[in-house]
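Asks: Sequential numbering from 474 applies to the sequence shown in the working numbering.
Ideal placement from N, C-alpha and C gives every residue a C-beta, glycine not left out.
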Amino acid sequence: MHRITKYILLAFILVMVVIFIPPRAEAGNDIQVNMWEAYYADADNDGAADDIVVKYNITIPFNTGDKYTIELYCKLILPSGAEYIHEVAIVTTAESTVTQYWFNAASESGWYTYSVYAYTIDSSLNPGYNEIIFDPPGGDPGDPLVDTTVIGTTESQG
């Protein structure tokens with residue numbers, strides 16, 4: 474009798490594990506992050522070219538027409554190792570072009586690293602990642618700020 478109880482308990486635990494495992498996206502359903510430009514500019518018109526502008530595309534790998542909320546975890550690492558992090562969510566069906574302005578952030582000379590980790594909360598798509606390394610000259614910054622603009626969203630065309 475005690476042995477049967479162990480098997481029933483084991484079967485119950487296995488059923489519960491299978492039920493509560495979150496769904497994973499299929500292979501090939503990766504969010505694509507294509508970084509294509511990073512440079513410094515005077516984006517806030519304060520007279521100093523101490524702002525960093527980064528442009529990239531977020532692409533859904535298939536055209537189902539479904540809308541996805543893509544979470545973007547963005548990190549800017551300065552040459553000294555100081556880090557600035559910005560998180561933002563976008564809603565897209567196929568492709569979005571994102572431009573981020575990091576005001577007053579080009580404060581050091583040397584190589585900067587900018588990275589984006591894109592994911593969905595419900596794991597319906599596999600996450601995507603990319604980074605770009607660039608060398609803007611330093612400026613005379615104030616406090617660093619960030620602004621994200623989604624330039625365009627392309628709906629799937631059936």
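Since I believe residue 504 is in contact with residue 531 (beta carbons under 8 Å), could you give me their beta-carbon distance rounded to a whole number of angstroms?
Replies: As a first step, residue 531 must be located in the sequence shown, where it is residue number 58. As a first step, residue 504 must be located in the sequence shown, where it is residue number 31. Indeed they touch by this definition, with Cβ atoms about 7 Å apart.
Asks: Would you call residue 596 buried or exposed, if buried means 16 or more other Cβ atoms sit within 10 Å of its Cβ?
Replies: Within the sequence shown, the letter at position 123 stands for residue 596. That one is exposed.
Asks: Am I right that residue 470 and residue 545 are in contact with their C-beta atoms under 8 Å? What's the rounded C-beta distance?
Replies: Outside the displayed range of the chain (474 to 631) lies residue 470, so it cannot be described from this structure.
Asks: Return the Cβ separation of residue 523 and residue 566 in integer angstroms, given the expectation that the two are a contact with Cβ distance under 8 Å.
Replies: Numbered from 1 along the sequence shown, position 50 holds the residue referred to as residue 523. Numbered from 1 along the sequence shown, position 93 holds the residue referred to as residue 566. The pair is not a contact, with the Cβ atoms about 36 Å apart (cut-off 8 Å).
Asks: So the candidates are 576, 554, 528; which of them puts its Cα closest to the Cα of residue 519?
Replies: Your numbering for residue 519 matches position 46 in the sequence shown. Nearest of 576, 554, 528 to residue 519, Cα basis: 576.
Asks: Below 8 Å on the Cβ atoms is my contact criterion, and I expect residue 528 with residue 556 to pass it. Report the Cβ-Cβ distance as a whole number of Å.
Replies: Counted from its first residue, the sequence shown places residue 528 at position 55. Counted from its first residue, the sequence shown places residue 556 at position 83. Wrong, their Cβ atoms sit about 21 Å apart, outside the cutoff.
Asks: If you draw a straight line from the C-alpha of residue 594 to the C-alpha of residue 604, how long is it?
Replies: What you label residue 594 is simply residue 121 of the sequence shown in a count that begins at 1. What you label residue 604 is simply residue 131 of the sequence shown in a count that begins at 1. Looking at the two C-alpha atoms, the distance is approximately 21 Å.
Asks: Between residue 564 and the rest of its own chain, which residues show a CB-CB distance below 6 Å, the 5 nearest in sequence each way excluded?
Replies: Indexing the sequence shown from 1 puts residue 564 at position 91. Excluding residues within five positions, the ones whose Cβ falls inside 6 Å are 540, 542.
Asks: Please return the same chain residues whose Cβ sits closer than 8 Å to the Cβ of residue 592, not counting the five positions on each side in sequence.
Replies: The residue labelled residue 592 in the question sits at position 119 within the sequence shown. Contacts found: 504, 543, 544, 546, 598, 600, 601.
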